[in-house]
Amino acid sequence: MGDWLIFAAMNQMIQKAASIKEAIDQFQSEGPDPAEEFRIRFLGTKGTIKALMAEMKQVAPEDRRQMGQLLNELKLQAEQKYAQLNSAPKAEVHTSGEALDITLPGEALPLGSRHPISLVRNRIVSIFQRLGFAVAEGPEIEDDWHNFTALNLPEHHPARDMQDTFYVSEDPAWMLRTHTSSVQVREMEKGKLPIRIVCPGRVYRNETISARAHCFFHQVEGLYIAEEVSFADLKQTLYFFVQEMFGAEIKVRFRPSYFPFTEPSAEMDITCLICGGKGCNVCKHTGWVEILGCGMVHPRVLENCGIDSSRYSGFAFGMGIERITMLKYQIRDLRLFSENDVRFLKQFAGAL
Ligand code: DAH
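The sequence shown begins at 1377 in this note's numbering and counts up one residue at a time.
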């Protein structure tokens, strides 16, 4: 090959490299996979860069270094562009050739549902709201005064044994509240009368976990304080609640009981919902199940909270939400509420 021809080959290659460079810069694809299209056109074994490299043998030995450098730069540029295209999101491939129908309904997302305890709590609260009760809440870590002493359970009072307590500290005593009755104390201490509140919340007791007991559960406390509140008001309020909650057929009975913070005190039973009052192992063959404790607020509790007990009287009650839920839905094991087994929980989607 004469000098001139060698020079022409080199010149041609430089021109080709320049047009490949331009093609790389301006590469655009309408196809489904631009990166692959680019690779085949520029970097593949039959691509333009490989073809240009094959022409290297026509270049004069003294120019090969320079030409090699030029081709390497070109290849690097193409590889960079290829990497860029590869990281860009790919268009959907519709192999069927059908147009995408954007009017089709989307894929259904699984929807969660409320926990049965939340459902029943909301239901209880809304029944009392219709009677004019407001919602009040208090802290789950309580001091001795609000959880015990103000409620007429002084230190060493035997009634403290009724509630096995998780203490956070001993002196001064701080604990996980054992009942929501602590919220009635906080509300009375505010000194605004009359008071008509329900207090839903979580409570804690040091109990061995079984089908019937847990170390935490939920309660709703109720408190009504005004002038001339009587036991008849208490009975009528709770009777209304039970009928709204379980249906008009339900019967109630009050049994005398003891709580340090009420006098007189009672426990309220309703007809067993499992056997309809005929007797079964849930109601221990009595036809009745206990659902709450209640009574007239003890005058000493009123005085402890700065309320004049000669002028005001009131009633209070407290119930376990788990118990009401178990009766309403015939659930036999308390542990189901905290295990979070979706097979159990999803049965309550849309309930109540
Ligand atoms: N605090 C009681 C308990 O946890 C429930 C209770 C009973 C609350 C009678 C009251 C009441 O307000 O009057 O077992």
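The C-beta atom is built at its ideal place from N, Cα and C for all residues, glycine as well. Just so it is clear, the structure is predicted and the values come from calculations on it, not from any experiment.
What does DSSP give as the partner residues of residue i in its beta bridges?
i: HIS1594; result: ARG1578
i: GLU1518; result: MET1551
i: ASP1684; result: Partner(s): none; ASP1684 has no beta bridge.
i: TYR1543; result: MET1551
i: ARG1415; result: None; ARG1415 has no bridge partner.
i: GLY1482; result: According to DSSP, GLY1482 bridges with nothing at all.
Report yes if the C-beta distance between residue i and residue j is below 9 angstroms; otherwise report no.
i: LEU1487; j: ALA1727; result: no
i: TRP1550; j: VAL1544; result: yes
i: GLY1508; j: ARG1572; result: yes
i: VAL1658; j: ASP1645; result: no
i: ARG1506; j: ASN1498; result: no
i: VAL1496; j: LYS1704; result: yes
i: THR1421; j: ALA1399; result: no
i: VAL1596; j: ILE1667; result: no
i: CYS1591; j: PHE1622; result: no
i: GLY1694; j: SER1606; result: no
i: SER1586; j: LEU1710; result: yes
i: VAL1677; j: PHE1637; result: yes
i: GLY1663; j: ALA1642; result: no
i: GLY1682; j: ILE1601; result: no
i: GLU1620; j: ILE1493; result: no
i: LEU1419; j: ILE1396; result: no
i: LEU1614; j: VAL1628; result: yes
i: VAL1574; j: LEU1552; result: no
i: ARG1581; j: HIS1594; result: no
i: PHE1383; j: ALA1464; result: no
i: ASN1716; j: ALA1526; result: no
In this structure, does DSSP put residue i in helix, strand or coil?
i: PRO1437; result: helix
i: ILE1571; result: strand
i: ARG1676; result: helix
i: GLY1696; result: strand
i: MET1377; result: Its pLDDT being 46, under 50, MET1377 is placed unreliably by the model, and nothing is read from it.
i: VAL1390; result: Note that residue 1390 is Ile in the sequence shown, not Val. Here ILE1390 sits in helix by DSSP.
i: PHE1691; result: strand
i: VAL1511; result: strand
i: ALA1464; result: coil
i: LEU1476; result: coil
i: GLY1444; result: helix
i: PHE1383; result: helix
i: LEU1599; result: strand
i: ILE1667; result: strand
i: SER1395; result: helix
i: LYS1654; result: coil
i: GLU1583; result: coil
i: THR1662; result: coil
i: ALA1727; result: coil
i: ARG1536; result: helix
i: ASP1401; result: helix
i: PRO1408; result: coil
i: PHE1713; result: helix
i: LEU1487; result: coil
i: GLN1456; result: helix
State the start and end residues of the unbroken alpha helix (DSSP H) segment that holds residue i.
i: THR1424; result: 1424–1430
i: ASP1717; result: Unbroken run through ASP1717: none, as it is neither H nor E.
i: ARG1506; result: 1492–1506
i: THR1613; result: 1607–1622
i: MET1564; result: 1557–1565
Grab the span of the beta strand (DSSP E) containing residue i for me, first residue to last.
i: GLU1639; result: 1638–1647
i: PHE1630; result: 1628–1635
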